[in-house]
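Trainee: Top to bottom, those sequences are chains A and B. When the count follows the working numbering, it moves up by one through the first sequence with no breaks and lands on 2038 for the last residue. When the count follows the working numbering, it moves up by one through the second sequence with no breaks and lands on 2038 for the last residue. Built from N, CA and C at the ideal position, the CB exists for glycine as well. Owing to the predicted nature of the structure, the values given are computational and were not obtained by experimental measurement. Right, I'll just put the structure down here and ask away after.
2 protein chains.
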Amino acid sequence: MMASLLDSVVSYLPSVSASDHASVVALNLFVALLCACIVLGHLLEENRWMNESITALLIGLATGVVILLISNGKSSHLLVFSEDLFFIYLLPPIIFNAGFQVKKKQFFRNFVTIMLFGAIGTVISCTVITLGVTQFFKKLDIGTFDLGDYLAIGAIFAATDSVCTLQVLNQDETPLLYSLVFGEGVVNDATSVVVFNAIQSFDLTHLNHEAAFQFLGNFFYLFVLSTLLGVATGLISAYVIKKLYFGRHSTDREVALMMLMAYLSYMLAELFDLSGILTVFFCGIVMSHYTWHNVTESSRITTKHTFATLSFLAETFIFLYVGMDALDIDKWRSVSDSPGTSVAVSSILIGLLMLGRAAFVFPLSFLSNLAKKNQSEKIDFKMQVVIWWSGLMRGAVSMALAYNKFTRAGKTDLRGNAIMITSTITVCLFSTMVFGMLTKPLIRFLLPHQKATTSFLSDGHTPKSIQIPLIDQDSFIEFTGNNHNVPRPNSIRGFLTRPTRTVHYYWRQFDDSFMRPVFGGRGFVPFVPGSPTERDPPTDPSSV
Amino acid sequence: MMASLLDSVVSYLPSVSASDHASVVALNLFVALLCACIVLGHLLEENRWMNESITALLIGLATGVVILLISNGKSSHLLVFSEDLFFIYLLPPIIFNAGFQVKKKQFFRNFVTIMLFGAIGTVISCTVITLGVTQFFKKLDIGTFDLGDYLAIGAIFAATDSVCTLQVLNQDETPLLYSLVFGEGVVNDATSVVVFNAIQSFDLTHLNHEAAFQFLGNFFYLFVLSTLLGVATGLISAYVIKKLYFGRHSTDREVALMMLMAYLSYMLAELFDLSGILTVFFCGIVMSHYTWHNVTESSRITTKHTFATLSFLAETFIFLYVGMDALDIDKWRSVSDSPGTSVAVSSILIGLLMLGRAAFVFPLSFLSNLAKKNQSEKIDFKMQVVIWWSGLMRGAVSMALAYNKFTRAGKTDLRGNAIMITSTITVCLFSTMVFGMLTKPLIRFLLPHQKATTSFLSDGHTPKSIQIPLIDQDSFIEFTGNNHNVPRPNSIRGFLTRPTRTVHYYWRQFDDSFMRPVFGGRGFVPFVPGSPTERDPPTDPSSV
Chain A
1495 MMASLLDSVV
1505 SYLPSVSASD
1515 HASVVALNLF
1525 VALLCACIVL
1535 GHLLEENRWM
1545 NESITALLIG
1555 LATGVVILLI
1565 SNGKSSHLLV
1575 FSEDLFFIYL
1585 LPPIIFNAGF
1595 QVKKKQFFRN
1605 FVTIMLFGAI
1615 GTVISCTVIT
1625 LGVTQFFKKL
1635 DIGTFDLGDY
1645 LAIGAIFAAT
1655 DSVCTLQVLN
1665 QDETPLLYSL
1675 VFGEGVVNDA
1685 TSVVVFNAIQ
1695 SFDLTHLNHE
1705 AAFQFLGNFF
1715 YLFVLSTLLG
1725 VATGLISAYV
1735 IKKLYFGRHS
1745 TDREVALMML
1755 MAYLSYMLAE
1765 LFDLSGILTV
1775 FFCGIVMSHY
1785 TWHNVTESSR
1795 ITTKHTFATL
1805 SFLAETFIFL
1815 YVGMDALDID
1825 KWRSVSDSPG
1835 TSVAVSSILI
1845 GLLMLGRAAF
1855 VFPLSFLSNL
1865 AKKNQSEKID
1875 FKMQVVIWWS
1885 GLMRGAVSMA
1895 LAYNKFTRAG
1905 KTDLRGNAIM
1915 ITSTITVCLF
1925 STMVFGMLTK
1935 PLIRFLLPHQ
1945 KATTSFLSDG
1955 HTPKSIQIPL
1965 IDQDSFIEFT
1975 GNNHNVPRPN
1985 SIRGFLTRPT
1995 RTVHYYWRQF
2005 DDSFMRPVFG
2015 GRGFVPFVPG
2025 SPTERDPPTD
2035 PSSV
Chain B
1495 MMASLLDSVV
1505 SYLPSVSASD
1515 HASVVALNLF
1525 VALLCACIVL
1535 GHLLEENRWM
1545 NESITALLIG
1555 LATGVVILLI
1565 SNGKSSHLLV
1575 FSEDLFFIYL
1585 LPPIIFNAGF
1595 QVKKKQFFRN
1605 FVTIMLFGAI
1615 GTVISCTVIT
1625 LGVTQFFKKL
1635 DIGTFDLGDY
1645 LAIGAIFAAT
1655 DSVCTLQVLN
1665 QDETPLLYSL
1675 VFGEGVVNDA
1685 TSVVVFNAIQ
1695 SFDLTHLNHE
1705 AAFQFLGNFF
1715 YLFVLSTLLG
1725 VATGLISAYV
1735 IKKLYFGRHS
1745 TDREVALMML
1755 MAYLSYMLAE
1765 LFDLSGILTV
1775 FFCGIVMSHY
1785 TWHNVTESSR
1795 ITTKHTFATL
1805 SFLAETFIFL
1815 YVGMDALDID
1825 KWRSVSDSPG
1835 TSVAVSSILI
1845 GLLMLGRAAF
1855 VFPLSFLSNL
1865 AKKNQSEKID
1875 FKMQVVIWWS
1885 GLMRGAVSMA
1895 LAYNKFTRAG
1905 KTDLRGNAIM
1915 ITSTITVCLF
1925 STMVFGMLTK
1935 PLIRFLLPHQ
1945 KATTSFLSDG
1955 HTPKSIQIPL
1965 IDQDSFIEFT
1975 GNNHNVPRPN
1985 SIRGFLTRPT
1995 RTVHYYWRQF
2005 DDSFMRPVFG
2015 GRGFVPFVPG
2025 SPTERDPPTD
2035 PSSV
């Protein structure tokens, strides 16, 4: 191999690359473990308690134990966790794929509720957790934290982990729940940025109306700019691919360009201090609405599955890593003299987590219900419980933030920081395993299949409110398609009772008369032969 | 965005991550440049002089100039070139894809010639270059080099760059040429490893028969083990996917597993000090013969295009980087006082490169022709010239090796090392641009289309020699398929005159009666519905 040629060349020099060999071993083991996760996840698919993320987490934990035993308690690491790896390489494909495959109609129908949960909800949750830890931590003897630290803890644990949500909720089985909880996770990313900027620039002891308005203004500024950036990148990709007509020569160029443009949208948002998650999510939505229809049939199949596969791999990678990292012995050593404190802190955090989430899910659902006339589209109490429960998991995002906050600049040795790290790990493991395992059974118990279908159908009735800016014809066709086990008559009824003079109507007018002729999209692109599978009509990437 | 949340969290601490911002800027620019390469490469596709790699190289050079001007001559870098990035992440997808899409029949028919070129040829070339530099460098005043250094230079410039070959030669237009030159590139990787180990373990001043036999033994040991590892990994993937029948639940798992297993084969080879390039190449061949037929139609389309896209992106990335890195001002500063020496060294190297390649292409082609009775399958002189010419390019592999050899352990400041680095850059740029640009016209001049078709067809006649161990029915069908513009009667004649009692025949017997029933493959896997494109008969991934 070339690298061993390299080693050979290098061995003339004094520095023999021994660490290289270790990293090759680690990479081998990690790839093999990923394979094991896929195979085991497949075998355990029918199991009602398990899901892919818990399988990966358990395999990671088991590997950590084995490494710990082999190395005589010295190490449980294979790869060094880096936030860059997570935020720059693993997170973007997951969120982009979620946008690419999301049911657009469902998402935009619940837009106002999602915004309520994602913006106001995160602020409420963050406040509750911050106040809680401020009270409790003073009583426990765990080093000195200032207000900034407490707020950071609030922000770390207030954010719903979109990655966990994707793993536990199923878009086809519980579409309303999925769009609400996952949408909240996407929106709350923007909120987190604004909250943090607010914390830095405002005098927190003198909150007044002006500050609140400025806060709201910042939020909308960030939200709108991030969304626009994502939409613009998606539209550019659609326009370029439509104009240059890549399919004529090569499917690979189209696929490569879509991947690169999607990634570029995320990185541009990072560059301009916007919300990369929001940007790449909307870029995914626009790409599935326009760009995806401008490419050849082969490219359609390829992009649909490639994005899903990359997202799946990134998710598995994250959970495997979190499981393996949890046993890192160095972190536990400094808290081993006071295991009680660590358990107490973890319990307090989990309690506050549940309280903070309850403090916004139930009131905001009540508010959201007030605005709706039709009984069937209200969020009933059982649904509220499920929404509350399924957003309780904390995962890699929290871990990455906690590492960043509590292990920098030589402060690692401080006892309070060590406790915060181990507590975060405990909270993440506990919430992912316990809350995660119980979510599927809970949904089956509270929202049995008929019920789920009903609540799904109930959405078909009245998209009459203002919150449907981007709904489109094909997502409706997809919605009524027979691949979702939706009884056809009901959907037609939904279609008949649907008022036409809504935002949706105007959007479709605009889409058909201006957007699609320019940017392409379903039915506005010439038929592109070039693959043996071209005979079938194009389907949406979100249809399985 | 989360990362700006991170920044915000971090900004409480003294260490503000300013370098992070710089790397985000760099990543943005790099991704944007990759997009530009794809679009420009597409627009310049019809140009007879350009190819994608030269476009990327020129864009890289231009960007380097711009960055140099903006930073006032301080830097031309965007990303730091690392051999790890190249050998661990960029090279495997390129070689795997080459194996996955290679025309198996063509490759195995010319197996003996490929082995001759790849093994004996590389040794000859390395010897010529080493002897040459030993003679010339002593006359120039460029620091002290020992025998190890000279041998390293020989090895760096003896190896044909598989990546460059893939860019310049077209498998469909000149299949024989492609299989010879690219196959040579794959095999010579194994040779390089053996040569280097030989250099280290043998006393070079006392070469005798024993050492030669040991050398041959080592080569075959390495070649066989690497091949077996690749074949075994491929077969395991085929068996697992066939047994567990992933397609039933998810295309994404199949695709992910194929990607991971392919990568695992490369990394395992690295781990065991084998030739990763050989391993992953044969893994690709086995996967396209068995595994690929066991997955759903969606997975087939997805893997075919995903592997091609990843390979395409990696190639573009490499050339873009090489172009950008060429202007790194630090390297040129230390040789700026003696530009003549650098030019002299580069010229000598290019001359030796051409001489060394000529020293084995023509004699070995003569030998290869001696063994063949049929006039039509001999390598004629024009073809020999093209083989000689199209293997002259040196690219990222040479650069990576030169960096590793001449910039380590504080020796960077030595004048001789600086000259070697700048000369390597010059040789790479010159050979890629000049030799690369002239290859297409040369092929058109020496082997006009009719000629190319004839030499292509001439292969259809006599697979009677021993060198066809893995040829298969479907690659024959693919070979005679109408997607290659081959006149049908000729192909049928080729089929009729084909002797049946050959290795090929026995291989097919074995394949049909044992291998395919166990590992799956064309016609031995139950029909898997699951995608709307399922109606078409499966085609081989190597058919465009």
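Taking all protein chains shown into account, do 16 or more other C-beta atoms lie within 10 angstroms of the C-beta of B:L1864, making it buried, or fewer, making it exposed?
Mentor: Here residue 1864 of chain B corresponds to residue number 370 of the second sequence, with the count starting at 1. Exposed.
Trainee: Taking Cβ-Cβ distances shorter than 8 Å, what residues in chain A pair up with B:L1641?
Mentor: Stepping through the second sequence from its first residue, residue 1641 of chain B is reached at position 147. In chain order: nothing, as chain A lies at least about 10 Å away.
Trainee: Does the beta carbon of A:R1747 sit closer than 8 Å to a beta carbon anywhere in chain B?
Mentor: The count along the first sequence starts at 1 and reaches residue 1747 of chain A at position 253. By this cut-off, A:R1747 is an interface position.
Trainee: So within the stretch 1522-1589 of chain B, which uninterrupted beta strand (DSSP E) runs reach at least 3 residues, ignoring any that extend past its ends?
Mentor: Whole beta strand (DSSP E) segments, 3+ residues: zero.
Trainee: Counting contacts by CB-CB distance shorter than 8 Å, is A:S1547 in contact with chain B?
Mentor: To locate residue 1547 of chain A, count along the first sequence from 1; it is residue 53. Chain B, which has no Cβ nearer than 8 Å to the Cβ of A:S1547, makes this no.
Trainee: Could you confirm whether any beta carbon from chain B is found closer than 8 Å to the beta carbon of A:C1620?
Mentor: Locating residue 1620 of chain A in the first sequence gives position 126, counting from the first residue. No - not a single Cβ of chain B is within 8 Å of the one on A:C1620.
Trainee: So, are the CB atoms of A:A1820 and A:G1535 less than 8 Å apart?
Mentor: Residue 1820 of chain A sits at position 326 when you count from the first residue of the first sequence. Residue 1535 of chain A sits at position 41 when you count from the first residue of the first sequence. Contact flag unset, no.
Trainee: Of all Cβ atoms in chain A, is any one closer than 8 Å to the Cβ of B:N1712?
Mentor: As a working note, residue 1712 of chain B is residue 218 in the second sequence. No - not a single Cβ of chain A is within 8 Å of the one on B:N1712.
Trainee: Please confirm whether B:S1805 and B:S1769 have their CB atoms less than 8 Å apart.
Mentor: Locating residue 1805 of chain B in the second sequence gives position 311, where the first residue counts as 1. Locating residue 1769 of chain B in the second sequence gives position 275, where the first residue counts as 1. Against a cut-off of 8 Å, the Cβ pair of B:S1769 and B:S1805 comes out as no contact.
Trainee: Beta carbons nearer than 8 Å to chain B: which residues of the stretch 1775-1794 of chain A have them?
Mentor: Under the 8 Å Cβ criterion, the stretch 1775-1794 of chain A contributes E1791, S1792 and S1793.
Trainee: Is A:F1801 near A:N1591, with beta carbons less than 8 Å apart?
Mentor: Counting from one through the first sequence, the residue named residue 1801 of chain A turns up at place 307. Counting from one through the first sequence, the residue named residue 1591 of chain A turns up at place 97. Against a cut-off of 8 Å, the Cβ pair of A:N1591 and A:F1801 comes out as a contact.
Trainee: Out of B:V1749, B:M1914, B:V1681 and B:S1884, which one is the CA nearest neighbour of B:L1941?
Mentor: What you label residue 1941 of chain B is simply residue 447 of the second sequence in a count that begins at 1. If we check each option's Cα against that of B:L1941, B:S1884 comes out closest.
Trainee: Would you please state the rounded distance, in angstroms, between the beta carbons of B:L1660 and B:I1588? I believe it to be under 8 Å.
Mentor: Position 166 of the second sequence holds residue 1660 of chain B. Position 94 of the second sequence holds residue 1588 of chain B. Yes, they are in contact, since the Cβ atoms of B:L1660 and B:I1588 sit about 7 Å apart, within 8 Å.
Trainee: Using a beta-carbon distance below 8 Å, is A:L1634 in contact with chain E?
Mentor: Although the question refers to chain E, the structure presented lacks it and instead comprises the protein chains A and B.
Trainee: Less than 8 Å between C-beta atoms, sequence neighbours within five positions excluded: which residues of the same chain meet that for B:I1553?
Mentor: If you number the second sequence from 1, residue 1553 of chain B lands on position 59. Excluding residues within five positions, the ones whose Cβ falls inside 8 Å are L1527, A1530, C1531, L1534, L1814 and G1817.
Trainee: Once the 5 residues before and after B:Y1757 are set aside, which same chain residues still bring their CB inside 7 Å of it?
Mentor: On the second sequence, residue 1757 of chain B is found 263 positions in, with the first residue counted as 1. Excluding residues within five positions, the ones whose Cβ falls inside 7 Å are P1586.
Trainee: Since B:H1799 is in the alpha helix (DSSP H), which residue starts that stretch and which ends it?
Mentor: As a first step, residue 1799 of chain B is located in the second sequence; it is residue number 305 there, counting from the start. Per DSSP, B:H1799 belongs to the alpha helix (DSSP H) from E1791 to D1819.
Trainee: Contact criterion: CB-CB distance below 8 Å. Does B:T1721 meet it with respect to chain A?
Mentor: Translated into positions along the second sequence, residue 1721 of chain B becomes position 227. Output row for B:T1721: interface = no.
Trainee: Expressed to the nearest angstrom, what Euclidean distance is found between the alpha-carbon atoms of A:G1850 and B:N1898?
Mentor: Numbered from 1 along the first sequence, position 356 holds the residue referred to as residue 1850 of chain A. Numbered from 1 along the second sequence, position 404 holds the residue referred to as residue 1898 of chain B. For A:G1850 and B:N1898, the distance between alpha carbons rounds to 54 Å.
Trainee: From which residue to which residue does the alpha helix (DSSP H) around A:V1662 run?
Mentor: Position 168 of the first sequence, counted from the start, is the residue given in the question as residue 1662 of chain A. That run of the alpha helix (DSSP H) goes S1656 to V1662.
Trainee: Between the alpha carbons of B:P2011 and B:Y1760, how many angstroms are there, rounded?
Mentor: Sequence index remark: in the second sequence, residue 2011 of chain B carries index 517 (1-based). Sequence index remark: in the second sequence, residue 1760 of chain B carries index 266 (1-based). In a straight line, the C-alpha of B:P2011 is about 27 Å away from that of B:Y1760.
Trainee: Compare the C-beta of B:M1755 with all C-beta atoms of chain A and state if any pair is closer than 8 Å.
Mentor: By 1-based counting over the second sequence, the position of residue 1755 of chain B is 261. True, the Cβ-Cβ gap to chain A drops below 8 Å.
Trainee: Check the Cβ-Cβ distances between B:E1764 and every residue of chain A, and say whether any is below 8 Å.
Mentor: As a working mapping, residue 1764 of chain B is identified with position 270 in the second sequence. So yes, B:E1764 belongs to the interface.
Trainee: For B:S1686, which residues of its own chain have a beta-carbon under 6 Å away from its beta-carbon, when the five flanking residues on both sides are left out?
Mentor: Residue mapping note: residue 1686 of chain B aligns to position 192 of the second sequence, counting from 1. So the qualifying residues of the chain are A1649 and A1653.
Trainee: Using a beta-carbon distance below 8 Å, is A:V1657 in contact with chain B?
Mentor: In the first sequence, residue 1657 of chain A corresponds to position 163, counting from 1. So, not an interface residue.
Trainee: Take A:T1549 and list the residues in its own chain whose beta-carbon comes closer than 7 Å to its own, dropping the five residues that flank it on each side.
Mentor: Residue 1549 of chain A sits at position 55 when you count from the first residue of the first sequence. Here the set comprises C1531, L1534, G1535 and L1538.
Trainee: On the three-pair Cβ rule with 8 Å, is the stretch 1605-1613 of chain B touching the stretch 1632-1641 of chain B?
Mentor: In short, these stretches do not touch, since the Cβ pair count stays below three.
Trainee: According to the Cβ coordinates, are B:L1886 and B:M1848 closer than 8 Å?
Mentor: Walking along the second sequence from the start, residue 1886 of chain B turns up at place 392. Walking along the second sequence from the start, residue 1848 of chain B turns up at place 354. Cβ atoms of B:L1886 and B:M1848: closer than 8 Å.
Trainee: Let's test the definition: count the other Cβ atoms within 10 Å of the Cβ of A:G1711 and tell me whether it reaches 16, buried, or not, exposed.
Mentor: Against the first sequence, residue 1711 of chain A aligns to sequence position 217. Classification of A:G1711: exposed, given that the 10 Å Cβ count is below 16.
Trainee: Could you tell me which chain A residues have their CB closer than 8 Å to the CB of B:T1628, listed as they occur along the chain?
Mentor: Here residue 1628 of chain B is taken as the residue at index 134 of the second sequence, counted from 1. Near B:T1628 there are no residues of chain A at all, since even the closest Cβ is about 16 Å away, more than 8 Å.
Trainee: Using a Cβ cut-off of 8 Å (strictly closer), state whether B:I1823 contacts chain A.
Mentor: Looking up residue 1823 of chain B in the second sequence gives position 329. With 8 Å as the cut-off, B:I1823 does not count as an interface residue toward chain A.
Trainee: Which value, in whole angstroms, describes the spacing of the CA atoms of A:A1617 and B:E1791?
Mentor: Here residue 1617 of chain A is taken as the residue at index 123 of the first sequence, counted from 1. Here residue 1791 of chain B is taken as the residue at index 297 of the second sequence, counted from 1. Strictly speaking, residue 1617 of chain A in this sequence is Val, with Ala absent from that position. Roughly 47 Å separates the two Cα atoms.
Trainee: Return helix, strand or coil for A:L1893, following the three-state DSSP convention.
Mentor: As a working note, residue 1893 of chain A is residue 399 in the first sequence. For the record, residue 1893 of chain A in the displayed sequence is Met; it is not Leu. In the structure shown, A:M1893 sits in a helix (DSSP, three-state: H, G or I).
Trainee: For B:A1550, decide whether its Cβ has a neighbour in chain A, counting only Cβ atoms nearer than 8 Å.
Mentor: Translated into the one-based positions of the second sequence, residue 1550 of chain B becomes position 56. No, B:A1550 lies away from the interface with chain A (no Cβ there is under 8 Å from its Cβ).
Trainee: With C-beta atoms as the reference, is A:F1594 less than 8 Å away from A:S1782?
Mentor: Here residue 1594 of chain A refers to the residue found at position 100 of the first sequence. Here residue 1782 of chain A refers to the residue found at position 288 of the first sequence. The answer is yes: Cβ separation under 8 Å.
Trainee: What is the DSSP secondary structure of A:Y1739, counted as helix, strand or coil?
Mentor: As a position in the first sequence, residue 1739 of chain A is number 245, starting the count at 1. Three-state DSSP puts A:Y1739 in coil, outside helix and strand.
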